[in-house]
Each structure stands twice: as C-alpha cells, then as structure tokens.
Amino acid sequence: MLRLEPRATHSVLAAWLSPLVALVMTVITGTVIFIAMGKDPAATLYIYFLQPLVSASGLSEVAVKAGPLVLIATGLSFGFRAGVWNIGAEGQYILGAIVGGGLAVFFHDSTNALLLPSILVFGIVGGMIWAAIPALLRTRFNANEILVSLMLVYIAELLLVYLVHGPWRNPQGWGFPGTRTFPDAAVLPIFFAQHRLHWGLILALTAPLLAWFLVAKTRFGYRVRLFGSAPLAARHAGVGSTRMIWMTLLISGGLAGLAGVIEASGTIGQLMPNISPGYGFTAIIVAFLGRLHPLGILLAGIVIAVTYIGGENAQIVAGLPKAVTGLFQGVILFYLLAFDLVTRYRLVFSRASRPEHA
Amino acid sequence: MLDLIIPSVMTMMTAATPLIFAATGELVCEKSGVLNLGVEGMMLIGAVFGFIGATVTGDPYMGLIVGAFSGIMASLIFAILTLLLVSNQVATGLALTIFGTGLSALVGANYVGETIDRIRPLYVPNSADGPSVAQLFFGHDPMVYLGLLVLLACAGFLSRSRWGMILRAVGDSDQSAHAIGYPVIQIRFAAVAFGGLMAGIGGAYLSLAYTPLWAENMSAGRGWIALALVVFASWRPIRVLFGAILFGGITIVQLNAQAIGLGIPGAIMSMLPYVATILVLVLISSNAMRVRLNAPACLGQPFRPER
Amino acid sequence: MLPDSPLLQLKGIDKSFPGCRANEGIDLDIQAGEIHALLGENGAGKSTLVKIIYGVLRPDHGDLWWQGNPLRVASPAAARRVGIGMVFQHFSLFEAMTVLENIALALPAQDVGALRDKVDATAESYGLALDLDRDVYELSMGERQRIEIVRSLLQNPQLLILDEPTSVLTPQETDTLFTTLRALADEGRAVLYISHKLEEVRRLCDRATILRGGQRVADCIPAEETAQSLAEKMIGRRIDQSTGKAPRQSGQPGLRVSKLRTSSAAPHSISLSDMSFTINQGEILGIAGIAGNGQTELMTALTGETGPPSSGLIEIMGATANQLGPVARRKLSAAFVPEERVGHAAVGDMSLVENSFLTTLDDPAFCKHGIINWPAVRAFSDQITHDFDVRSSGVDALASSLSGGNLQKFIVGREMLQRPGVLVVSQPTWGVDAGAAADIHRAIRSLAEAGSAILIISQDLDEILALCDRVAVISQGTLSPVQPAQDVTPEQVGLLMGIRHDAITNEGTRATT
C-alpha cells in the first residue's frame with residue numbers, strides 16, 4: 036500500500052524537478068486543447084514554446100517581456116517567503132509608471148541627463164507608495180493585504196485611464212488616449228540596435244542575483260524566511276512583524292514600480308491606458324514557478340515570457356485568441372501546486388494490515 | 675418620489691444578488707476552514723458557460739444550470755489540489771482565478787456580441803402605471819428571491835442543523851473533528867463545491883440577467899468584493915445581506931452620479947466600489963479581537979491528519 | 144466468554160513510523176473491573192499502542208481480542224461502538240462552540256433536549272460539574288477534561304482509556320478524577336491509565352504493564368513496587384537519585400523582577416500583577432503552577448518579545464531591561480527556552496544549522512555587517528549536537544524530524560552553550576523521555592554551579608523540588624511568597640496551586656471540600 040510520509044530534509048532534486056514536470060504536463064495539456072480547437076498540435080506547440088527562441092528578434096522580444104516579470108517576481112518572492120501576500124503588484128507597477136512617467140511628461144522638453152535616473156527613482160517611489168497602503172492597513176488595522184492590494188489594482192487602472200484621457204492627455208495626440216511621448220532624456224537607451232533591448236533589462240537581471248545573495252547569506256534574508264515559516268519563533272528572535280510586513284511590501288512595491296517605469300520609458304515611450312499585459316499577476320506565477328528562488332525566478336521568467344511571445348505569434352499565425360496564454364499560465368500553476376506535494380512528502384510502500392469493520 | 679426610489683431599490687437588489695450568491699457560497703466554504711480565493715475565476719466561468727448554455731439552448735434557465743454546474747467543476751479543481759494534494763490554499767485560489775479568467779476569455783471569444791433572452795422578472799407592471807409598491811415586492815426577477823432564500827437557508831443550516839454544526843466544528847478544529855471521526859476532507863469537499871455552485875450561479879446571473887451579454891472580465895472584481903464581504907459579515911450569513919445591499923447602493927450612486935450631474939469623471943466614480951471595499955475591510959478588521967473570535971480557527975490551514 | 148478471560152487482549156502488536164519502531168511484538172491483557180496502568184518513558188510506545196486500541200491507527204501486525212472475540216478496529220467510531228472509550232491527553236474540543244455542542248458532536252445524532260438531560264444526569268452521578276452553554280475557550284483545563292470524560296461516559300464504555308489525564312489537573316481535581324475512576328471500576332468497567340506519574344499510579348492502579356523502546360518489558364502490581372523500582376523498570380537502568388543540591392553561595396542578582404504588571408486583551412490570557420522575585424547567580428528558582436496561570440505571559444514578559452510590561456521592573460545582570468527586545472536582553476547575557484518547542488523555540492521547517500542561528504543572530508562570530516558566516520554556525524550546531532547528545536540524521540535535518548526529547552536537548556543546548564548569566568526555562572522536560580530529562584536536569588545543575596541564575600517554570604512538582612533551591616507558586620498571574628525548597632512539601636505546593644485557582648475561578652468540584 037502506498038503511503039505519503041514527510042521528508043526529513045528538503046529535497047533539492049524534487050524542488051527543481053517539480054517545475055519541470057509542471058511544464059511538461061502543461062505542454063501535454065496544451066496539445067489536448069489545440070487538438071480540441073482543431074489546430075495542428077505539433078505546429079502550434081512549436082509556435083508557442085520554441086519559435087520565440089530560434090531567432091534573434093524572437094530572443095530579444097522574450098528578453099523584453101522577461102525583464103519586468105523577473106523584476107516584479109523577485110520583489111514578490113520576499114513577501115511570499117514572509118507569508119505576506121502582495122497580490123496587487125499590478126497596481127504598484129502602474130503607479131510606478133504613473134509617477135515616473137508623470138515626471139517625464141512634466142519635463143517633456145528637458146534634455147537634462149539627470150532626468151532618466153530621476154524618473155527611475157520616482158517610479159520606485161510610486162510603487163512603494165502604492166504598496167505602503169496595504170502595509171499600513173495591515174499593520175494598523177489588521178486588514179487583509181490580499182484584498183486591499185487587489186482593490187488598489189482596480190483603482191490604479193482607473194486612475195491611469197483618468198489621467199491619460201483627461202489632465203495628462205497629449206494635446207498633440209489627435210484625441211488618442213495617451214500622454215505625450217517621453218523626451219529622449221527620459222528614455223532608457225537601447226544597447227542593441229535593431230532590437231528593443233534596453234538597459235532596463237540589465238537592471239532586471241541584477242535583481243535576482245542581489246535577491247539570492249540577500250536571502251541566502253544575509254541576516255535580513257534569514258529573518259524573512261523565519262517570519263514566513265514560524266512567526267512566533269521570529270518574534271522570539273526579535274523580528275518585529277510590523278517591520279517585516281512594511282519591508283517586504285515596500286521591496287515588492289518598489290521593484291514593481293521600477294518595472295512599470297522601465298516599461299513605460301524603455302519599451303513604450305509614453306503613458307497609455309494599457310501599459311501592462313498583466314505583468315503584475317503573471318509575476319505571481321513566475322515567482323511560484325521559480326519556487327521563490329531568485330535563480331528559479333530568472334528561468335521561470337524566461338519560460339513565461341516565451342509563452343507570451345508565442346501567444347502573440349499564435350494569434351497572428353494560427354488565429355488563436357490571446358486568452359490562451361492566460362489559460363496556460365493558470366494551468367502551469369495548477370500543475371506546479373499539484374506536484375509541490377512531492378517536495379514535502381515521499382511515497383513509501385508499507386505493509387499495513389488491512390482493516391476490517393469491527 | 676416613488677418614481678426614483680423604486681427603480682433604485684430594484685437596481686440595488688439586482689446589483690446585490692450576484693454578491694449575495696458568491697459571498698454566501700464562500701462563507702460556507704470558509705466556515706469549513708477552506709479559503710478559496712478563486713471566486714472571481716469561478717464567477718467568470720459561471721458567466722461564460724451560462725451565457726453559452728443560454729445561447730445554444732435558447733433558454734436562459736438552462737444557461738443558469740450550465741453556469742451553476744461549471745462553477746462546481748471549477749471549484750473541484752481547487753478542492754482536489756488543496757484537500758487531496760495539500761497545496762497552499764492562497765496560491766491555488768489565485769491560480770483558479772487566473773485560470774478562470776483565461777478560460778472564460780478563450781471560450782467566450784466567439785460569443786462576444788451575441789444576445790440572448792434574458793431572465794425576466796415574474797411580474798411586470800403595466801408600463802402606463804409606472805413603478806408601484808407591488809413591483810417593489812413582486813417585480814424582481816426570480817434570482818433575487820432565490821438569492822435571499824439561499825442566504826436564509828444557509829443561516830438556518832449553519833446555526834440550527836446538525837450538519838451545520840459539524841461543518842462549523844471542522845472549521846474550528848479539523849484535528850479534533852478528525853479525532854472524533856468525522857470525514858474532514860469530504861465535508862470540506864462539499865463546502866468547496868457549494869461555494870463553486872454559488873459562485874457559478876452568481877456569475878451566470880451577471881451574463882443572463884444583470885447585463886445579458888458576455889464580455890471578458892465582466893465580473894470586474896465582484897468575486898474579490900464577495901471575499902471582502904465575508905470578512906465584513908464576520909462570517910455570519912445575515913450580515914452578508916447587509917454588505918451586499920450596501921454595495922448595491924454604491925452601484926446606484928455610481929450609475930446616477932452622471933445623471934445627477936456631479937461632474938466627477940467616470941473613471942473616478944468607477945473607483946467607488948473598490949474604495950468602499952477597502953474601507954469596509956479596515957472597519958471590520960481593526961477590531962482584531964472580534965475577527966479572531968468569529969473567523970474559523972482553521973481558515974486557510976491545510977489539513978494533515980496523523981495516520 | 145470464560146469468567147476470567149480478559150476484557151481486552153492484545154498479542155504481537157507491531158507498528159512502525161518513518162525512522163522508528165513504535166511498537167514491537169507487544170502483548171497486553173486487561174480484565175474487567177480493573178484499573179490497569181500503562182507505563183513507559185515518552186517515546187516508549189504507549190500512545191501508539193493506545194491509538195491502535197482506539198482505532199486511530201492500524202497495527203502493521205498483531206491481533207486484538209475483545210470479550211473473547213477477535214477485534215478489528217477500523218476507526219474511533221467503531222471502537223466506541225464496541226465499547227471502548229478514550230480521553231486523550233490533548234483534547235479534541237472546539238473552542239468557539241458551547242460545551243453542549245462539543246458533547247453533541249462526539250455522539251451519534253440525537254435530540255438535543257434529551258441529550259442535555261442525559262449529560263446533566265451523568266455529570267451528577269460521577270461528580271463532574273459542567274455548564275453546558277459556555278463556550279469552550281472560556282474554560283479551564285480541568286473543566287475541559289470533564290467534557291472529554293462526560294463525552295466518553297455517555298457512550299457507555301466497557302473500557303475507558305485515559306492518556307496522561309492528570310498532567311493538567313490540580314491535586315484536588317486529581318482526587319476527584321480518581322474517585323470517578325474507582326466508581327467506574329466498581330461498576331465492572333475497566334480503565335487503562337497511561338501516566339508517568341509513578342506515585343499516582345501506585346495509588347490508583349491494580350496492575351501495570353511497562354513498555355520500553357517499543358517493547359513490553361515488565362508486568363507488575365504497582366502497590367508492591369516503589370516509585371524508584373517502577374522508574375528503573377521503565378528506563379532499564381539504575382537511576383542516580385542524588386539531587387546534588389550542594390549549598391550554593393549567593394552571588395550578585397542575576398534576574399530581578401519587581402512589582403511586574405502586564406495586561407493583555409487576548410481572550411483567555413492572564414494578566415500578571417505585582418510579581419516580584421530575585422534570583423542570584425548560582426541559584427535556581429522554581430515557579431510551579433498548572434498550565435494557564437500566567438506562565439506563558441511571564442515568559443513573554445521576560446523575553447521582551449511582546450514589548451515592555453505595563454509597570455514594574457525587570458533587571459538582567461543588574462541592568463534595566465524593560466524597554467529592551469529579546470535580542471538586546473540576550474546581549475545582557477540572558478537566554479530563554481520557551482514552552483513550545485516547534486514554532487516558538489525552534490522552526491520545524493528549518494534545519495538544525497539554521498535553528499542554531501535563531502537566538503545567536505546578533506553574535507559577531509556568526510554574523511558581521513549583516514552577512515552570515517554559515518560555516519561558523521554549522522560548527523556551533525555540531526557542538527550542540529555533540530555536547531548534548533542530540534540524535535538526528537545530521538545537522539541538516541529539519542527540526543521537525545527530531546523527537547521531542549532530542550529537540551528539547553538541542554534547544555536547551557543551544558541556549559546553554561551561549562554561557563548565559565541568566566537562563567529562563569519553561570517546562571524543561573515536558574513530553575521528554577526520562578533519559579533526556581535526566582540529561583537536561585544535569586545540564587541545568589552544572590550551569591547553576593558555574594554561576595548562572597536560573598529560573599525554571601514547570602508543572603512538574605517533582606522536577607521543581609528536585610532541582611530548585613527556592614520555590615514559588617504562580618496562580619492566576621500572581622506569585623506566592625518564595626520559600627526554600629527544603630521547607631516545602633509537595634502537598635503544600637499542590638494546595639497552593641489549587642486553592643487560589645479555585646477561589647479565583649469560582650468553580651468547585653463537588654466531590655472536594
């Protein structure tokens with residue numbers, strides 16, 4: 036008879052294996068879905084998962100998409116490790132774009148070299164402000180940060196809509212919703228001509244490395260893990276819960292805000308009603324897929340970015356609606372959670388005697 | 675005067691009804707100790723499949739049944755993952771919402787723009803007579819009455835029936851319930867499925883009665899508001915009614931603000947329900963003691979029996 | 144059924160868990176009308192065996208007979224149907240529900256009004272007072288146990304199993320319980336009584352079966368044994384009985400608490416009022432008391448984890464510590480071992496290495512400029528496991544994989560190896576096997592001899608009287624006058640623990656004066 040019993044140590048093998056298995060299962064499920072939709076599964080799978088990786092332009096597009104995902108997910112991983120559930124990263128992303136981009140719009144004629152770093156800083160601050168709200172409400176009023184941060188997403192989206200249709204609308208934009216384009220001094224320079232790779236991606240790459248170092252080697256990282264694992268023990272070790280909630284929310288808010296302003300400045304060049312294909316939510320999946328480990332997040336970000344690009348291509352080439360990408364992401368998370376069990380338990384054969392009714 | 679109040683109350687009740695269904699379902703689910711954040715996803719699934727069912731069969735009530743059933747199915751995915759495979763409830767609920775959003779968008783893509791025969795009120799007054807008190811009591815569509823009925827039935831079930839007592843016990847201490855011999859997993863499965871049923875109905879109501887059409891993401895966060903309502907109600911069904919009606923009232927203010935000519939931009943007005951949700955949460959949660967005493971003690975904790 | 148065949152008979156019971164053989168070839172027989180003790184250290188296999196009898200666990204091998212017929216117990220419900228009832232050490236109660244609801248949940252569906260009458264009648268006839276409409280979270284441990292007992296009695300058990308029932312009772316409540324159990328035995332029922340309190344077993348039980356390391360090692364009549372001989376059978380070796388209480392030189396005050404007051408709004412937390420005591424270096428002070436009288440609050444006030452006290456003074460090694468958090472107090476050379484092992488003193492999901500860092504995270508040897516020196520921490524954890532004989536699958540093992548005794552040794556070792564001037568320990572040997580308990584006691588004594596001031600908070604009177612120089616009793620947040628241990632008898636302390644508790648909570652057990 037098969038039984039599950041808890042493991043005595045964490046299994047590193049299982050930790051790396053479960054995301055892989057989840058991926059494989061998702062591909063299999065995808066095949067089934069494509070067949071059901073009357074598409075050629077092999078060709079469609081290729082478009083989705085492999086085509087983006089075979090050309091330079093494909094790779095650069097993947098990198099462009101992966102950047103914000105990795106940045107946001109890295110920030111989220113701190114909170115999730117600490118048991119602080121920041122689901123509103125999407126809202127913090129938008130606020131980062133609004134505050135940073137707002138500065139760029141305000142100084143739309145400037146050529147000052149300080150403008151670019153300033154808007155990046157403003158972006159981080161914008162994201163932090165938006166994350167400070169759930170932090171405050173949780174620590175002062177015990178309000179659930181999941182619901183508060185989520186409500187703030189809807190509010191942020193509406194705020195952006197209001198601003199780009201209203202007070203910030205480009206007077207030379209022929210009525211299209213959107214702000215003026217940012218001045219060159221506020222745009223992240225591209226380092227690879229012909230592609231859209233800008234320096235913001237370098238920032239996105241360094242974040243996981245820094246985060247890995249923080250979590251594994253510093254006392255702060257230890258405290259974060261401690262707080263998430265055993266709050267009473269954390270208290271016993273002198274870790275204040277208020278401080279921890281604030282710090283983790285501000286970190287994730289700041290990084291999400293940074294991602295937002297980078298996207299607005301580097302990839303888009305202005306503020307529009309739609310500056311996020313749901314990065315804030317997808318980043319949650321990236322964080323889990325990467326098992327909250329910075330290196331894993333880097334890989335997971337690339338994988339998810341591939342499905343984004345693949346999804347766009349599939350829409351054009353195979354006529355598949357964009358929504359399939361969202362579906363895949365949900366499915367991959369489901370499989371990951373299902374196989375998560377294996378990392379904590381192992382299967383054992385036992386010789387239990389069969390019970391009968393008394 | 676009646677001209678204004680009666681239509682407002684009617685709108686308030688229809689706006690409240692999807693919340694009543696979704697929040698009541700989630701309340702029962704949480705009372706058993708399971709936190710299902712996938713309400714938004716389940717509502718969207720109920721909405722899209724309900725709409726498709728109505729389009730294909732031509733009967734909105736068939737659509738309702740299809741929507742309800744699809745809600746149950748969606749919730750079962752969650753139940754299998756969290757109850758059998760002991761996965762993290764917060765993450766799984768989020769996954770369900772993301773999945774439901776994607777699935778509904780995909781499945782509904784071909785149905786945007788379709789129209790159906792909506793669920794109609796039972797009693798429609800003669801248009802010449804205008805609004806009347808009779809309409810106030812009898813003029814709602816059947817789902818409004820059903821929602822109230824279900825809510826009252828749940829209140830009675832939880833406080834007076836044996837199985838309601840057992841459900842509460844499971845949410846209070848799953849280990850104790852297991853030690854006594856109750857099938858904790860099965861009871862929670864049933865509670866989660868009920869939550870899915872209610873969310874599916876609530877979502878189907880949106881696409882079959884409230885605004886009889888399908889659009890991506892049409893629940894616009896109502897699932898999340900329903901979750902907040904459960905907290906607001908301190909896990910007591912009758913209070914869910916007050917909360918839902920409160921949100922119904924906010925909807926009316928939102929709709930009428932332009933008519934009244936308040937001059938507030940539409941986007942800002944649309945923020946109202948979300949801001950209200952935050953305020954409501956702060957109000958209720960700030961009394962930490964009260965939350966601790968009313969929230970099911972096992973809420974969100976995975977059940978790992980010693981065997 | 145033959146007249147003298149046993150009520151319950153077990154033969155060759157085997158049961159294994161990952162990493163341990165809990166039961167190995169155990170035989171047991173219980174006669175009707177007897178009170179039968181099941182003795183053994185923690186980890187000897189008593190709880191496992193009893194859970195098999197009650198249907199919570201299934202044996203890997205072995206047979207059971209009930210009233211002469213073969214018995215397979217598939218579940219607790221099945222056990223109850225057969226006539227086996229059990230009162231666990233850890234209660235299966237629902238805090239946010241009423242006493243009546245709690246009882247109703249443990250019984251098959253029936254009319255609530257009739258149930259109310261039945262409960263009243265049963266409680267009356269066995270002397271167990273219960274207020275049916277109160278919520279359980281408001282009740283004391285003794286009251287909660289009564290719910291469990293009434294629940295079992297209502298199902299008319301022929302065999303009633305009790306697992307460590309008196310660990311949470313005052314001496315007077317214990318007397319009431321014994322009267323009840325005697326009444327049950329006189330009616331022809333049987334009682335299986337698990338306990339490590341050897342004096343009580345000698346007082347109450349007709350026969351005893353002793354387990355050690357998962358096997359049955361002896362069978363005896365407790366009244367014919369001494370507590371020491373029973374203990375030796377349990378441990379399997381002679382025990383060094385010397386208490387080693389050499390008269391100690393009084394040094395400087397290590398821990399001084401003066402008129403300490405705390406308050407908390409949590410549902411059933413106890414506020415401390417006007418607590419005062421001083422422990423000099425080299426001294427061991429013991430605070431005895433039944434759980435729930437303010438021990439947890441005292442521990443948190445001393446560690447400083449929840450903030451400064453409402454008023455009063457806490458002095459560690461001569462320095463005022465009121466406003467300091469746990470890390471700062473540890474810098475003053477204090478160390479703490481809270482009551483709850485997993486979740487508070489240690490993190491179940493982390494390895495022993497990571498747990499070593501928990502209370503040493505401010506130590507410059509382990510962490511400089513915020514960067515952790517893991518090799519140094521690892522060396523420290525090696526030292527702990529070596530010096531304190533901690534058995535595990537290595538220092539990378541998760542804390543949750545250690546047995547209670549080993550984890551406690553690890554935690555105590557971690558604190559002691561920091562050479563604190565002041566050590567505060569709560570329930571040092573709760574749920575710990577006798578071998579590990581003796582090790583911990585030895586370590587505490589040597590730490591005191593090396594000059595540390597030690598405070599022991601414990602429910603175990605024997606432990607307090609064996610280890611401590613001076614003794615006080617905590618009851619409902621207040622402290623009795625501190626007295627030298629040699630001037631005090633167990634009965635006096637027991638009375639102190641009980642009387643004030645009764646007077647303040649206003650509940651009396653009818654069978655006592």
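Heads up: the protein sequence lines correspond to chains A, B and C, in order.
Per this note's numbering, the very first residue in the first sequence carries number 36; after that it's consecutive.
Per this note's numbering, the very first residue in the second sequence carries number 675; after that it's consecutive.
Per this note's numbering, the very first residue in the third sequence carries number 144; after that it's consecutive.
All residues carry an ideal CB built from backbone N, CA and C; glycine is no exception.
Because the structure is a prediction, the values reported are computed rather than measured.
- Secondary structure at residue 906 of chain B: helix, using DSSP grouped into helix, strand and coil.
- C-alpha of residue 760 of chain B to C-alpha of residue 377 of chain A: approximately 11 Å in a straight line.
- In this structure, the alpha-carbon of residue 720 of chain B lies about 19 Å from that of residue 819 of chain B.
- In the three-state reduction of the DSSP assignment, residue 972 of chain B falls in the coil class, being assigned neither a helical nor a strand state.
- Proximity of residue 163 of chain C to chain A, defined by a Cβ-Cβ separation below 9 Å, is not satisfied.
- Scanning its chain for C-beta atoms nearer than 6 Å, with the 5 sequence neighbours on each side dropped, one finds around residue 552 of chain C the residues 531, 533 and 579, in chain order.
- If you draw a straight line from the Cα of residue 294 of chain A to the Cα of residue 131 of chain A, it comes to about 8 Å.
- Every alpha helix (DSSP H) stretch that sits fully inside the segment 426-490 of chain C and reaches 4 residues is listed by chain position as 438-446 and 469-474.
- Secondary structure note for residue 165 of chain C: its beta strand (DSSP E) is the uninterrupted segment 163-173.
- In the DSSP assignment, the residues bridged to residue 228 of chain C are C:303.
- One Cα belongs to residue 267 of chain A, the other to residue 449 of chain C, and the distance between them is close to 10 Å.
- In its chain, beyond the 5 residues on either side, 87, 340, 341 and 344 have a beta carbon closer than 6 Å to the beta carbon of residue 97 of chain A.
- Shown in chain order are the members of the segment 831-847 of chain B whose Cβ falls below 7 Å from a Cβ of chain C: 836, 839, 840, 842, 843, 846 and 847.
- Closest option to residue 427 of chain C, judged by alpha-carbon separation, among C:346, C:454 and C:396: C:396.
- Note on residue 786 of chain B: under 16 other CB atoms within 10 angstroms of its CB, so exposed under the neighbour-count rule.
- For residue 517 of chain C, the closest Cβ of chain A is nearer than 9 Å.
- In this structure the segment 202-217 of chain A does not lie against the segment 283-298 of chain A, because fewer than three pairs of beta carbons, one per stretch, are closer than 8 Å.
- An exposed status is given to residue 514 of chain C, since fewer than 16 other beta-carbon atoms sit within 10 Å of its beta-carbon.
- Exclusion of the five residues before and after residue 414 of chain C leaves 405, 406, 407 and 620 as the residues of its chain whose Cβ lies within less than 7 Å of its Cβ.
- In summary, residue 730 of chain B is exposed, with fewer than 16 beta-carbon neighbours lying within 10 Å of its beta-carbon over all protein chains present.
- Following the DSSP letters along the chain, one finds residue 844 of chain B inside the alpha helix (DSSP H) bounded by residues 836-846.
- Residue state for residue 354 of chain C is assigned as strand, using DSSP reduced to three classes.
- Under the DSSP assignment, residue 344 of chain C falls in the alpha helix (DSSP H) whose first and last residues are 341-347.
- Distance between residue 733 of chain B and residue 956 of chain B, taken at the CA atoms: about 43 Å.
- Residue 541 of chain C and residue 44 of chain A do touch by the CB rule: their CB atoms are close to 6 Å apart, below 8 Å.
- Neighbours of residue 306 of chain C in chain A, taken as residues whose beta carbon is under 9 Å from its own, are absent, since the nearest beta carbon is some 21 Å off.
- Here residue 81 of chain A is not near residue 346 of chain A, since their CB atoms are 9 Å or more apart.
- Membership of residue 173 of chain A in the alpha helix (DSSP H) is indicated by the continuous run 150-176.
- Excluding its 5 nearest sequence neighbours in each direction, residue 904 of chain B has C-beta neighbours in its own chain below 8 Å: 697, 700, 701, 704 and 914, listed in chain order.
- Here residue 742 of chain B has 871, 874 and 875 as same chain residues with Cβ atoms under 6 Å from its own Cβ, once five neighbours each way along the sequence are excluded.
- Those residues of the segment 236-248 of chain C placed with their C-beta closer than 9 Å to a C-beta in chain B are 236, 237, 238, 239, 240, 244, 245, 247 and 248, ordered along the chain.
- The bridge partners DSSP lists for residue 601 of chain C are C:431.
- In summary, the residues of the segment 252-272 of chain C whose CB is separated from some CB of chain B by less than 7 Å are 252, in the order they occur in the chain.
- Annotated as proximal: residue 174 of chain C and residue 333 of chain C, with beta-carbon spacing under 9 Å.
- Relative to residue 112 of chain A, the option among A:367, A:311, A:149 and A:286 whose CA is nearest is A:286.
- Across the segment 93-121 of chain A, CB contacts with chain B closer than 7 Å involve 120, in sequence order along the chain.
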